[in-house]
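Position 35, counted from 1, in the sequence shown is what this note's numbering calls 523; the numbers after and before it change by one each time, with no gaps.
Ideal Cβ positions, reconstructed from N, Cα and C, are used throughout, including at glycine.
As the structure is a prediction and not an experimental result, all values here were calculated from the model.
See structure below.
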Amino acid sequence: MSIQITSANYNNMNTMIGNLLNSGAYSTAVMSIYSDSEITNLVNDSAGAIQNRQIASITVVQPSTDAITNVTTNGNITCVFSDGTSFVCTDNVDSCWAKIDGIVYVPKRFNSA
489 MSIQITSANY
499 NNMNTMIGNL
509 LNSGAYSTAV
519 MSIYSDSEIT
529 NLVNDSAGAI
539 QNRQIASITV
549 VQPSTDAITN
559 VTTNGNITCV
569 FSDGTSFVCT
579 DNVDSCWAKI
589 DGIVYVPKRF
599 NSA
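Below you can see the structure in the form of structure tokens.
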């Protein structure tokens, strides 16, 4: 599943992740971030390519306009990953797409002694 990362798509991203995890087939959700809608060019950060990183949280800042100054602030999405890294995609500045996948849940068996 892929989706453009924008503040307008925040609810859709959460729904995608929720549906993936609620299916019962996956233990966690991972995300890869791309710079193109064809999802072929991975985005890099200080830790390297953002590929199959476990999602810890996703937050949104909605766009707003200051009532006094009339200055508009772009919205953004911040993706925080379980390895401590994070990525911010700002509306109307960055063009980013996310591919969201799951790590298959593998039941564990323990032998009794």
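Cβ-Cβ separation, Phe575 to Asp533 (assumed contact under 8 Å), whole Å: Within the sequence shown, residue 533 is the residue found at index 45, counting from 1. Within the sequence shown, residue 575 is the residue found at index 87, counting from 1. At roughly 6 Å, the Cβ-Cβ gap stays under 8 Å, so Asp533 and Phe575 are in contact.
Excluding the 5 residues preceding and the 5 following Val518 in the sequence, name in chain order all residues of the same chain whose CB lies nearer than 8 Å to its CB. The residue you call residue 518 lines up with position 30 of the sequence shown. Closer than 8 Å at Cβ, skipping near neighbours: Asn540, Arg541, Gln542, Ile543, Ile588, Asp589, Gly590 and Ile591.
Where does Thr503 fall in DSSP's three states? Here residue 503 corresponds to residue number 15 of the sequence shown, with the count starting at 1. Here Thr503 sits in helix by DSSP.
Would DSSP call Ala555 helix, strand or coil? Position 67 of the sequence shown, counted from the first residue, corresponds to residue 555. Three-state DSSP puts Ala555 in coil, outside helix and strand.
For Ser520 and Asp554, I'd like the C-alpha separation in whole angstroms. Start at 1 with the first residue of the sequence shown, and residue 520 comes out as number 32. Start at 1 with the first residue of the sequence shown, and residue 554 comes out as number 66. About 34 Å.
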